[in-house]
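One structure below.
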Amino acid sequence: MTIRSESLIDRLIGVVDTGLRTLVQDKSTTSIPPESDTKLSFDEKKNSASLMRVNHAGEVCAQGLYEGQALVSRNESVRGELLQAARDERRHLQWCEERLSQLEDSRSVLVPIFYGMSVFVGAIAGLVGDKMSLGFVEATEDQVVKHLDKHLAEMSSKDSCSREILERIREDEKRHGLRAIEKGGVEFPKPVKTGMTLASKLMTETTRHI
1 MTIRSESLID RLIGVVDTGL RTLVQDKSTT SIPPESDTKL SFDEKKNSAS
51 LMRVNHAGEV CAQGLYEGQA LVSRNESVRG ELLQAARDER RHLQWCEERL
101 SQLEDSRSVL VPIFYGMSVF VGAIAGLVGD KMSLGFVEAT EDQVVKHLDK
151 HLAEMSSKDS CSREILERIR EDEKRHGLRA IEKGGVEFPK PVKTGMTLAS
201 KLMTETTRHI
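Positions 1 to 210 (this note's numbering) are the ones given, in order, by the sequence shown.
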């Protein structure tokens, strides 16, 4: 079974539209937790902003991956799962962006590059087949959950707003990974996940400061 050219064109238009909405900063407010009355020190605030910038970039990457995978998926059920996950990631990045604004900081300038690369990688993964594509989702979310655990350990306990955002995101990401396996995804071997960890570290280190 092949994807009809008209259908592929429609999907490409959808990816471009979503990408533009992702890359243009969203000024609308979202339902993030209220800020704590506890004042953060300069260093605590700077650290939280750095971590939220990394997480924002990570959510952009995840959205791009899922958009790319959905672009070439031949199974409507799998495609629906991927698009729902992408919508969740967009909500997450909006939370991160709003929190960054509250912390008087901004997102990484590398976001457009990461989004474009992620769509490309996602499409390549999707072309391998839906089982491998879903396995890629599980492997990606496994890495994200580990990153979030690390960031929660690094973040000040006084920053209840940022911490609750990361905990909400963690819950969604874990669910995405479990759903991917339930839908027939193939769990990736440890060496592959290790390689993905190294790649994510590159993104982490660059977006902390840029």
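Here a beta-carbon is modelled for each residue, glycine too, at the ideal position from N, C-alpha and C.
Terminal residues of the continuous alpha helix (DSSP H) containing residue i?
i	result
SER77	76 to 102
GLY129	Taken as a continuous stretch (DSSP letters only), GLY129 belongs to no alpha helix (DSSP H), as it is neither H nor E.
ARG21	5 to 23
SER50	42 to 72
So residue i packs on residue j, CB below 8 Å; how close in whole Å?
i	j	result
THR207	ARG53	6 Å
HIS92	GLU59	4 Å
MET132	ALA125	7 Å
VAL119	GLU67	6 Å
HIS56	ARG107	5 Å
GLN69	LEU82	5 Å
From residue i to residue j, what distance separates their C-alpha atoms?
i	j	result
LYS174	MET117	23 Å
ILE113	ALA86	18 Å
VAL121	ILE32	30 Å
GLN102	LYS201	26 Å
ASP142	LEU65	14 Å
LYS187	SER41	In the sequence as displayed, the identity of residue 187 is Glu instead of Lys. If I take the Cα positions, the gap works out to 42 Å.
ASN75	ASP10	16 Å
GLY185	ASP43	42 Å
PRO191	SER77	29 Å
GLU6	VAL15	No answer about GLU6 holds up, because its pLDDT of 47 lies below 50 and its placement is not dependable.
LEU100	ARG90	15 Å
GLN84	GLU205	29 Å
ILE169	LEU178	14 Å
Compare the Cα-Cα distances from residue i to each of the options and report the closest residue.
i	options	result
LYS150	CYS161, LEU166, GLY19	LEU166
ILE13	GLY185, LEU71, GLU44	LEU71
ALA62	THR22, SER156, GLY129	THR22
GLU97	GLY184, SER50, THR204	SER50
VAL128	SER73, HIS176, SER157, ARG170	SER73
LEU8	ARG79, LYS193, LYS190	ARG79
Enumerated in chain order, which unbroken segments of the alpha helix (DSSP H) with a length of 4 residues or greater are wholly contained in the segment 142 to 190?
160 to 182
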